[in-house]
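This report refers to the structure that appears directly beneath it.
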Amino acid sequence: HKKTPTLRGFFVGKIMREFERKQEIIRKDRVNWDQAVLIGGHTDDDAMFRLTRTLTAQSIGVTILTLTNSDVRNLPGYEPDQLAKERWGEAIVSGKVAGITEVRRIEIPDGNLFKFQRQARQFVGDAVDEIKPVAIVTLHPRDPHTDHRATYRVGSAIAGNGLTHYATDTITGLDLNGR
Numbered sequence: 014h015k016k017t018p019t020l021r022g023f024f025v026g027k028i029m030r031e032f033e034r035k036q037e038i039i040r041k042d043r044v045n046w047d048q049a050v051l052i053g054g055h056t057d058d059d060a061m062f063r064l065t066r067t068l069t070a071q072s073i074g075v076t077i078l079t080l081t082n083s084d085v086r087n088l089p090g091y092e093p094d095q096l097a098k099e100r101w102g103e104a105i106v107s108g109k110v111a112g113i114t115e116v117r118r119i120e121i122p123d124g125n126l127f128k129f130q131r132q133a134r135q136f137v138g139d140a141v142d143e144i145k146p147v148a149i150v151t152l153h154p155r156d157p158h159t160d161h162r163a164t165y166r167v168g169s170a171i172a173g174n175g176l177t178h179y180a181t182d183t184i185t186g187l188d189l190n191g192r
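Quick note: the sequence shown uses the working numbering, first residue 14, plus one each step.
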């Protein structure tokens, strides 16, 4: 008799763990523009893309998908739940400043994206099916942060062979050749 494999208690029987999803449309006037989807592991990862102004200047809207709740930063005075809520508020405010079309986030615990790539793929796949972007941009596959590498894997899986997929340079400034 074989035991059904589980991921350290994260599945109950064959039911996949569900995570809350958040969405805020910021610029309704840009919803009908062609969209580029920027996929980050954390709320502040979109800063690594540095593409928003370039894209919006070309009438390409930007939708940001964040794959964790961004609750791990050990900031004095913040409990994880409080920090996750604060980070969501920051995403909306920075989206308004940058002219982002919309922001979406799935509440996967920060630092655990590798464990929940299936849920992240579902979240990104649903968004891509709805938005029908001209391209997606992810973090670099060799980024030193495990959530960032998982973000690349999720984006790459969704892009497949039918969607243009770009990866950014890493935060360390290294290119694919380690320079």
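Glycine included, C-beta positions come from ideal geometry on N, C-alpha and C.
Which residues share a DSSP beta bridge with residue i?
i, result
"Ile73", "Asp47"
"Ile119", "Arg34"
"His6", "Outside the displayed range of the chain (14 to 192) lies residue 6, so it cannot be described from this structure."
"Leu78", "Ile52 and Arg117"
"Thr177", "Ala148"
What does the Cβ neighbour count give for residue i, buried or exposed, with the cut at 16 atoms within 10 Å?
i, result
"Val137", "buried"
"Glu31", "exposed"
"Phe127", "exposed"
"Pro89", "exposed"
From this set, the options, which residue's C-alpha is nearest residue i's C-alpha?
i, options, result
"Thr94", "Glu103, Ser83 and Ala104", "Residue 94 is actually Asp in this sequence, not Thr. When only C-alpha atoms are compared, the closest one is Ser83."
"Ser107", "Asp57, Ile52, His178 and Asn125", "Asp57"
"Glu120", "Arg100, Thr114 and Ile105", "Arg100"
"Asp182", "Glu103, Asn174, Leu88 and Arg162", "Arg162"
"Gln130", "Val85, Asp142 and Val167", "Val167"
"Leu176", "Ile52, Ala148, Pro157 and Leu80", "Ala148"
Which residues mark the beginning and the end of the alpha helix (DSSP H) in which residue i is found?
i, result
"Ile144", "Gln130 to Ile144"
"Tyr165", "Thr159 to Ala172"
Just checking residue i against the ligand ADP - is the residue's beta carbon closer than 7 Å to any of the ligand's heavy atoms?
i, result
"Leu68", "Absence of the ligand ADP is noted for the structure shown, with no ligands found whatsoever."
message: So, does the segment 40 to 57 touch the segment 67 to 74, judging by three or more C-beta pairs under 8 Å?
response: yes
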